[in-house]
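A.B. asks: Have a look at the structure that comes next, please.
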Amino acid sequence: MAYKYSVKANWGKNANGDSFIRHEDRKMFHIEGFPGDVWITEDNVYGGRWIGRVAGVEKTKAEAQAIVDAEITAAQAAYDAESDEHKARYSRPTDITLP
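Numbering (our numbering), first residue to last: 84 to 182.
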């Protein structure tokens, strides 16, 4: 399956009642979020319309992966700086490879 990659902060549901991801969106195409406000959608007309509706910024796969990698690296560094007690309760963030 081919994907489109974009970046946009998730606003949840805004004052106008418009959701970032609508129920209809989920029925029309695959959408998945990653660290760094990176989103992947199916590379079809519906995914493209969604990116336009939310004013997302399209990225190449390499650009999107670099954003995710930077977020994971920062989260791992924060985890490494935590106490042993914290580390006993939580797992270290793992690397993510975008599809």
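Beta carbons are placed, not taken as given, at the ideal position from N, Cα and C, and that holds for glycine.
Computed from a predicted structure; not experimentally measured.
1) Taking contact to mean 3 or more Cβ pairs, one atom from each stretch, closer than 8 angstroms, check whether the region 131 to 138 and the region 162 to 179 are in contact.
2) Less than 6 angstroms between C-beta atoms, sequence neighbours within five positions excluded: which residues of the same chain meet that for N93?
3) Looking at C-alpha atoms only, which residue of L181, K110 and G116 is the closest neighbour of G95?
4) If you follow the alpha helix (DSSP H) that I134 is in, where does it begin and where does it stop?
5) Quick check on the DSSP output: the beta strand (DSSP E) that includes K96 runs from which residue to which?
C.D. replies: The relevant details are as follows:
1) no
2) As a position in the sequence shown, residue 93 is number 10, starting the count at 1. If we look at N93 and ignore the five residues flanking it on each side, its Cβ neighbours are F103.
3) Numbered from its first residue, the sequence shown carries residue 95 at position 12. The shortest Cα separation from G95 among L181, K110 and G116 belongs to G116.
4) Residue 134 sits at position 51 when you count from the first residue of the sequence shown. V128 to R136 is the span of the alpha helix (DSSP H), which, as asked, contains I134.
5) In the sequence shown, counting from the first residue as 1, residue 96 sits at position 13. Here K96 belongs to no beta strand (DSSP E), and DSSP marks it neither H nor E.
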